[in-house]
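Residue numbers (our numbering): 106 to 431. For each residue, glycine too, the CB sits at the ideal point set by N, CA and C. One structure is given below, encoded as structure tokens.
Pasting the structure below:
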């Protein structure tokens, strides 16, 4: 502050001396009065500014000495008093802050690991959304259950833009065109007639003129539902059957028992003993024209025919109705 005041005083002193020299110089030379007046006016103005700056410097110097420096001195002393307190506070607080920062860092690492795991799962899900066929064949909507795609209609509705599919849900099935087999259900009452190895004819529902050779491959020993057993039937598919695709239906016919010389009668002529259902008889017409009971042993049976193993011979006449006198 003293130095700044000294500079202001020197500046006034320099300007005063310069003005005096100019006044002496202009008295001795031959310059015109106008030029002299201009130069002297400028010098006087500069001197006036220097004196104003000097007064300002004195006021500033006075304020600095009486107010600025004492105030700054108090501030420094106060800061010196607060410094140990601040140091003590830092000494206590910084370890806690460090511990807190380490916990926050650990928490951030755990959150980052979770997000990284989630990102991997999302990337895997996105990759899984690209469905690639594992084998060649025909794509069917839904799941195949015993040769039927019963939920194909509902699946078609969900396989559209904006549709939803549950996780681990079968929404389409790839089926090879060949080879094919026939899946059938055997009623329990016909189970004794159907066995592996017997041959028959398969007639496709959509192509009834096709007669395909069918062979029973197996019949499951455990029922799939009450009174129904699953069976698998192999079928020969010639070139003429190339239009057949999996999921179609057909009708199969088998001859489980064949005996060309069998003696058969209509079921209604068979009379069962009311006390023993293992004993049967029929009424035959004797040589005298009268009806006579004859015990018979039954063999295979259908809705229209009953095989007679013993009791009848070729040429015997069997009554279709019971005699009234019986």
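Given a threshold of 16 other Cβ atoms within 10 Å of its Cβ, counted over all protein chains shown, does residue 208 qualify as buried or as exposed?
Classification of residue 208: exposed, given that the 10 Å Cβ count is below 16.
When DSSP labels each residue in this structure, what does residue 166 get in the three-state scheme?
Here residue 166 sits in helix by DSSP.
Return the bridge partner residues of residue 328 from the DSSP annotation.
Paired residue(s): 334.
In chain order, what residues of the same chain lie with their CB nearer than 6 Å to the CB of residue 356, ignoring the 5 residues before and after it?
Only 308 meet the Cβ criterion.
Assess, as a yes-or-no matter, whether the stretch 317-331 is touched by the stretch 231-244 under the definition of 3 or more beta carbon pairs within less than 8 Å.
No: the two stretches stay apart, fewer than three of their Cβ pairs being nearer than 8 Å.
Should residue 418 be labelled buried (16 or more other beta-carbon atoms within 10 Å of its own) or exposed?
The residue in question, residue 418, is exposed, as its Cβ has fewer than 16 Cβ neighbours within 10 Å.
Could you check where the alpha helix (DSSP H) with residue 209 kicks off and where it finishes?
From DSSP, the alpha helix (DSSP H) with residue 209 extends over 174-233.
In the stretch 271-296, which residue ranges form an unbroken alpha helix (DSSP H) of at least 4 residues, counting only runs that do not cross its ends?
As far as the stretch 271-296 is concerned, it has no whole alpha helix (DSSP H) run of at least 4 residues.
Which of helix, strand or coil does DSSP assign to residue 323?
Note: residue 323 maps to strand in three-state DSSP.
Going by other Cβ atoms of all chains shown within 10 Å of its Cβ, with 16 needed for buried, is residue 157 buried or exposed?
That one is exposed.
Could you give the C-beta distance for residue 433 and residue 247, rounded to a whole number, given that I count them as a contact under 8 Å?
The structure shown has nothing for residue 433, since the chain only spans 106 to 431.
Going by beta-carbon coordinates alone, are residue 264 and residue 254 separated by less than 8 Å?
Result no, Cβ atoms of residue 264 and residue 254 do not sit closer than 8 Å.
Do residue 151 and residue 115 have their C-beta atoms closer together than 8 Å?
No, these two residues do not count as a Cβ contact at 8 Å.
In the DSSP assignment, find the unbroken beta strand (DSSP E) run with residue 406 in it and report its ends.
Here the beta strand (DSSP E) through residue 406 covers 396-406.
Let me know the secondary structure DSSP gives residue 425 once reduced to three states.
Residue 425: coil per DSSP, three-state reduction.
Let me check one thing: in DSSP terms, what residues is residue 305 bridge-paired to?
DSSP, once it has assigned bridges, lists 319 and 359 as partnering residue 305.
So with Cβ pairs under 8 Å, would you call residue 414 a contact of chain D?
Among the chains of the structure shown, chain D does not appear; only one protein chain is present.
DSSP three-state label for residue 119, please.
Helix, per DSSP.
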